[in-house]
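Be aware that the sequence shown starts at 4, since it is given in our numbering, and climbs by one per residue. Just so you know, even glycine gets a beta-carbon here, dropped at the ideal spot from N, CA and C. Encoded as structure tokens, the structure appears first; notes follow it.
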Amino acid sequence: MATIHHHHLPLLHNPTPPAFKPKILCKNSKNDAAFEEKKSGFVDYDKGIHHVSTQVSGIRKDQIPQRYRIRVQGDRFQKDWSVSQVVQKVLELDHKSDDIEGLLNRWVGRFARKNFPLLIKEITQKGSIEHSILVFRWMKNQRNYCARTDIYNMMIRLHARHNWTDQARGLFFEMQKWRCKPDAETCNALINAHGRSGQWRWAMNIMEDMLQKAIPPSRSTYNNLINACGSSGNWREALKLCKKMTENGVGPDLVTHNIILSAYKTGAQYEKALSYFELMKGTNIRPDTTTLNIMIYCLTKLGQYEKAIGIFKSMREKRAECHPDVVTFTSIIHLYSVNGQIENCRAVFSTIVAEGLKPNIVSYNTLMGAYASHGMNKEALSVFNAIKNSGLRPDVVSYTSLLNSYGRSQQPKKAREVFEMMRRDKLKPNLVSYNAMIDAYGSNGLLAEAVEVLREMEQDGIYPNAVSICTLLAACGRCSRKVNIDVVLQAAERRHIKLNTIAYNSSIGSYMNVGEFEKATSMYRSMRKSKVIPDAVTFTVLISGCCKMSKYCEALEFLSEMMDLKIPMTKEAYSSVICAYSKQGKITEAESMFNKMKMAGCCPDVVTYTMMLHAYNAAEHWKKACALLQEMEEYNIQPDTIACSALMRALNKGGDPSKVLILAEFMREREIPLSDAIFFEMVSACSLLRDWRTTIELIKLMEPSFSVVSIGLLNQLLHLLGKSGKIESMMKFFYKIIGSGAEINCNTYSILLKNLLAVGNWRKYIEVLEWMEEARVQPSNGMYFDILSFAQKSGATYSSIIQERVESLRRKSGNEVSTSKEMYNKKLVTAVDAPDESSLSWVMLEHFLSMSIDARSFDSRPLLSKCRIRMQVMSVIKDDARVSYAIVAGDGNGLIDNVMSNPINIENLVYKCNLLCSQEQERISIRFGLNPPLKSRQSTVDRMVIRAALLVQ
């Protein structure tokens with residue numbers, strides 16, 4: 004017989020049914036043993052594998068008609084194979100290139116018509132549709148073939164399994180041409196085929212045709228039709244069919260209930276699924292593993308993790324009727340992944356293997372997704388390799404999860420390598436893969452590469468969706484690209500991509516991140532105009548964005564609008580609103596919102612408590628701030644670094660610094676990281692308590708992190724040690740700072756010098772000045788003046804030595820300190836008597852004041868008085884670019900102290916000033932926004948000149 008090789012399968016091979024076929028007589032004998040299924044098992048104890056297969060013999064050579072037996076008796080090429088052997092040999096051949104028809108023509112059993120249904124049954128159960136089509140085509144060309152309904156039913160079911168809906172429909176019409184009458188099983192298979200492809204309306208039409216042809220629908224028919232509607236998300240239509248099914252006298256069974264539950268799950272009606280499950284319990288139908296798997300999924304989606312875990316534990320009990328399967332374990336892995344418990348994900352996966360179940364590709368992908376969501380690329384790669392070692396082939400989801408793990412771990416280059424590896428393995432990236440690749444670039448600030456992936460995506464025939472736009476918008480927000488946000492939105496409009504709620508939220512958040520408040524609110528108005536319903540995330544982004552830009556009134560307006568729309572508040576929204584109230588000084592409203600949050604059943608988290616701590620600190624309610632810590636412990640909420648810092652600040656300002664050190668010990672026990680702010684409050688507490696031993700221990704604790712600790716904190720520690728009189732400890736601490744490589748500034752040296760001079764250690768003082776010269780840090784004039792003043796007071800013994808060494812340092816640095824009163828008078832006259840007010844020599848005046856001269860060495864009272872008046876008038880009338888305000892007061896009998904430039908805290912500076920005139924005092928308060936005006940205090944130094952010359956950049 005000639006053999007034809009088919010390299011491309013047609014849609015259907017539909018030979019014309021013959022008008023007349025010769026009658027073939029078969030011996031009508033009962034061959035029950037030939038059709039019995041016999042199970043055979045194989046166990047390899049060394050490798051730990053086992054295999055169970057079903058063998059069907061079929062009609063053999065000695066049972067076929069005699070004329071055919073005589074025909075093949077002497078032919079050595081004719082083989083007496085069983086049906087199972089024929090199927091195995093067919094599946095071993097390549098359907099594109101090997102001669103399958105030639106193999107079948109060598110089979111003796113082809114002469115027995117009853118072998119054909121067995122052959123189709125065996126090969127369709129194996130699932131290879133290409134081989135099944137070739138065998139079915141060969142069968143129809145045999146002379147003794149007789150078309151049968153059950154053969155077509157099996158072929159239609161196989162096409163349904165592979166979602167070949169059109170081909171299944173073609174077989175339905177073909178069987179009628181071959182005079183095979185469709186039965187209920189045929190319609191069931193065809194309805195199942197349309198249901199799998201989402202064509203539920205076609206399935207409904209088939210049901211109507213079935214009723215017109217008087218074919219009574221069975222329970223399976225209704226179940227398939229309900230499944231067709233439910234799998235398409237049309238759960239309402241599924242419920243109508245279930246009601247109609249009951250009215251027609253066909254009661255629902257467990258499969259029906261599972262299909263309804265699955266329809267609710269597909270339609271995201273999770274609460275309705277739980278309610279239906281409760282009604283199901285009232286019937287005599289007991290749930291099975293599939294039912295409980297759906298319940299676990301719905302509970303996970305609703306965030307009811309404890310109930311889902313409870314169902315899982317009940318399934319694992321010894322006397323449980325439903326035991327967990329691979330789907331159950333996979334659902335629990337997904338639950339732990341959503342809840343952030345990665346270690347439990349791995350433990351559940353190990354339990355699958357321990358209980359003798361074989362993980363499928365979905366189980367592996369779920370575990371990889373859990374690792375990928377936390378950027379654990381090494382663990383994700385190990386699971387990816389485990390897929391290959393287990394004999395499974397990684398699919399697109401596997402590659403996408405691995406790609407996402409590299410993107411989340413800030414390795415976009417490796418993510419790209421995985422993307423290219425997917426293509427090399429002949430897998431086509433889908434929409435999710437491209438979106439993950441865009442996110443890998445966008446989350447790492449590579450906006451140009453992300454846009455290039457978008458173009459590449461369109462070239463491959465995959466059109467971007469709202470998720471792609473959201474990813475690009477988020478990338479623009481991270482990169483602070485205002486223009487690119489507009490470009491991305493225009494690109495979405497050109498591609499007719501309708502922005503959904505998530506896309507609008509992303510665009511609003513991106514505008515807020517770059518400080519474009521007007522565009523963010525405009526996008527929100529566009530969202531409302533497009534009738535896209537905002538959700539809690541929308542208002543959370545708006546309210547938090549307003550708070551970041553100090554637009555607290557606008558934040559409260561969005562809160563009011565959120566309340567009007569009856570959108571439930573989230574933890575983030577509550578925290579932002581509390582922040583807005585606290586920034587406006589509305590502590591009562593902040594407390595009310597905090598209590599309202601707890602009454603609404605929304606448990607405050609550590610961020611919310613931190614906001615309340617800041618609010619209480621701003622309102623100076625120290626006791627209430629301390630009470631929040633006890634409340635956090637009651638709710639098992641562990642404070643983080645920011646919350647502990649705010650609480651420490653409250654304890655210090657509330658006059659209870661001892662508890663700061665107790666809280667620090669609590670942080671060490673809970674392994675809460677210590678930040679600069681924490682160290683600052685601990686140092687302040689030690690200073691208030693005068694606990695020098697704890698200060699030394701604190702220095703030892705901070706020593707490994709000196710290189711990253713702020714220099715301001717290190718300076719505070721230096722000042723604390725010097726203030727306590729522990730000069731040796733102060734110098735050792737300074738040496739450690741130098742050894743750590745921390746960048747020290749002039750203030751650090753200034754603290755050292757003041758404390759050294761306070762104890763009279765002038766030798767070390769001069770040595771520090773030399774260190775400054777070596778470090779190329781220019782000593783100030785005040786530093787030289789302080790040591791010279793000390794030399795005059797110390798007597799003739801050390802005065803000449805100190806002056807000689809200072810003069811030597813002065814010559815090296817080129818910094819000349821002149822003490823000529825004529826020079827000072829000349830500079831002062833030049834500054835005060837400038838002919839043009841606009842060109843007043845403020846630089847000269849600053850220099851004069853910074854010299855810290857002894858005003859008693861000459862009579863400069865008239866000049867000082869004139870200078871004081873002139874500077875007051877100029878500072879009020881004209882806002883000079885260099886000097887905003889300066890006051891000089893005194894009658895010449897006081898000392899001109901060191902003038903502080905660029906003061907950190909103006910309020911503290913003015914508070915220390917000895918103001919002799921109430922009018923000047925009030926003017927300073929108004930000038931710097933101090934409310935209420937400061938009251939004058941009598942200074943211990945008689946008639947001291949005010950520390951002034953406040954520079955405003």
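Which partner residues does Lys42 have in the DSSP bridge list?
According to DSSP, Lys42 bridges with Thr57.
Looking only at its chain, what residues have a beta carbon closer than 8 Å to the beta carbon of Asp153, apart from the 5 residues adjacent to it on each side?
Pro120 and Glu188.
Does the pairing of the segment 69-79 with the segment 90-103 give three or more beta-carbon distances under 8 Å?
Result no; under three Cβ-Cβ pairs closer than 8 Å.
Below 7 Å between beta carbons: does that hold for Ala196 and Leu228?
No; because the gap between Cβ atoms is not below 7 Å, this pair is not in contact.
So which of Glu274, Ala271 and Tyr279 has the shortest CA-CA distance to Asn261?
Considering only alpha carbons, the answer is Tyr279.
Threshold first: 4 residues or longer. Then list the alpha helix (DSSP H) segments lying entirely within the segment 195-257, N to C.
Segments of the alpha helix (DSSP H) lying fully in the segment 195-257: 203-215, 222-234 and 238-250.
Give the straight-line distance between the Cα atoms of Val2 and Ala443, rounded to the nearest whole angstrom.
Limits of the chain in this structure are 4 at one end and 956 at the other, which puts residue 2 out of reach.
Taking the C-alpha atoms as reference points, what is the distance between His377 and Ser408?
Approximately 7 Å, taken between the alpha carbons.
Suppose you measure from the CA of Val456 to the CA of Met440; what does that come to, to the nearest Å?
Distance between the alpha carbons of Val456 and Met440: 7 Å.
How long is the line joining the alpha carbons of Asn516 and Val470, rounded to whole angstroms?
C-alpha separation (whole angstroms): 19 Å.
Would you call Ser366 buried or exposed, if buried means 16 or more other Cβ atoms sit within 10 Å of its Cβ?
Buried: at least 16 other Cβ atoms inside 10 Å.
Report the rounded CA-to-CA distance for Ile665 versus Glu672, giving the unit in angstroms.
Rounded to the nearest angstrom, the two C-alpha atoms are 11 Å apart.
Exposed or buried, which one is Gln170 when buried takes at least 16 other CB atoms within 10 Å?
Per the 10 Å Cβ criterion, buried.
Roughly how many angstroms separate the alpha carbons of Lys292 and Ile299, rounded to a whole number?
Looking at the sequence provided, one finds Thr at residue 292 rather than Lys. Cα to Cα, Thr292 sits roughly 10 Å from Ile299.
Name, in chain order, the residues that DSSP records as bridge partners for Trp110.
Lys82.
For Ile52, write down the residues that DSSP places opposite it in a beta bridge.
The partner list for Ile52 (beta bridge, DSSP) reads Asp47.
Could you tell me the distance, in whole angstroms, from the CA atom of Met379 to the CA atom of Val386?
The alpha-carbon atoms of Met379 and Val386 are separated by roughly 11 Å.
State yes or no: is the C-beta of Thr644 nearer than 6 Å to some heavy atom of the ligand ADP?
The ligand ADP is not part of this structure, which contains no ligands at all.
For Phe175, name the three-state secondary structure that DSSP assigns.
Note: Phe175 maps to helix in three-state DSSP.
Give every residue of the same chain whose Cβ lies closer than 6 Å to the Cβ of Ile67, excluding the five residues on either side of it in the sequence, and list them in chain order.
Same-chain partners within the cutoff: Phe114 and Ala115.
Between Lys304 and Tyr273, how many whole angstroms is the CB-CB distance? I'm expecting something under 8 Å.
With a Cβ gap of about 5 Å, Lys304 and Tyr273 count as contacting.
Let's test the definition: count the other Cβ atoms within 10 Å of the Cβ of Cys647 and tell me whether it reaches 16, buried, or not, exposed.
The residue in question, Cys647, is buried, as its Cβ has 16 or more Cβ neighbours within 10 Å.
Out of curiosity, what's the CA-to-CA distance linking Ser334 and Ser340?
Whole-angstrom Cα-Cα distance: 10 Å.
Is Tyr638 helix, strand or coil by DSSP?
Coil.
Going by other Cβ atoms of all chains shown within 10 Å of its Cβ, with 16 needed for buried, is Thr369 buried or exposed?
Thr369 is buried by the Cβ-count criterion.
Does DSSP put Glu358 in a helix, in a strand, or in coil?
Residue state, collapsed to three classes: coil.
What separation, rounded to the nearest whole angstrom, lies between the Cα atoms of Leu264 and Lys243?
So the two alpha carbons sit approximately 14 Å from each other.
Determine the DSSP secondary structure at Ile488, reduced to helix, strand or coil.
Ile488: helix per DSSP, three-state reduction.
Going by the CB atoms, is the gap between Phe737 and Leu716 shorter than 7 Å?
Their beta carbons are not under 7 Å apart, which means Leu716 does not touch Phe737 by this criterion.
Which of helix, strand or coil does DSSP assign to Glu2?
Any property of residue 2 remains undetermined from this structure, which presents the chain solely from 4 to 956.
Met670: which of Leu384, Met685 and Lys656 sits nearest, CA to CA?
It is Met685.
Between Ala745 and Phe709, how many whole angstroms is the CB-CB distance? I'm expecting something under 8 Å.
That belief holds up - the Cβ atoms of Ala745 and Phe709 are roughly 5 Å apart, short of 8 Å.
How should Gly725 be labelled, buried or exposed, when 16 other C-beta atoms within 10 angstroms of its C-beta is the threshold for buried?
Label assigned to Gly725: buried.
Which whole-angstrom value is the C-beta distance of Ala621 and Ile581, which I expect to be below 8 Å?
Actually they are not in contact, since the Cβ atoms of Ala621 and Ile581 sit about 11 Å apart, beyond 8 Å.
Expressed to the nearest angstrom, what Euclidean distance is found between the alpha-carbon atoms of Gly410 and Ile570?
The alpha-carbon atoms of Gly410 and Ile570 are separated by roughly 34 Å.
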